[in-house]
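Numbering (full-length UniProt numbering), first residue to last: 1 to 101. Using N, Cα and C, we set each Cβ at its ideal position, and we do this for glycine too. Please read all numbers here as calculations on a predicted model, not as lab measurements.
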């Protein structure tokens, strides 16, 4: 539910540039610092989840689910960009061959 709410309240461009709380990566210290998502919206989503599922809410799982979703979106965007670049390169290569013939 948390991922669905976050997905409906933020634009994809925001997802690609952000993580839940902001800050640097704990895995790759050389990666860029990402801004956090809007704290007011995240707080509202947190309260909604707590009210809907009071016994099941765990802050760590909430954060992990959202950050995993954001990471997955960034990975898919990177793969799509690489595929688009490969198609563009192939199209340019085909044009060069046609001109030589």
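Inset, instruction - Using the DSSP secondary-structure output, state which residues sit across from residue 68 in a beta bridge. - result: Answer is none; residue 68 lacks a bridge partner.
Legend entry - residue 87, buried or exposed, once every other Cβ within 10 Å from all chains shown has been counted against 16: exposed
Inset, instruction - Round the Cβ separation of residue 49 and residue 1 to the nearest angstrom and send it over; I've been treating them as touching at under 8 Å. - result: 6 Å
Inset, instruction - Flag this pair as touching only if the stretch 32 to 39 and the stretch 5 to 23 have three or more C-beta atom pairs under 8 Å; answer yes or no. - result: yes
Inset, instruction - Give me the Cα-Cα distance between residue 45 and residue 30, rounded to the nearest whole angstrom. - result: 31 Å
Inset, instruction - Report all residues from its chain with a CB closer than 6 Å to the CB of residue 5; omit the five preceding and five following residues, and keep chain order. - result: 45
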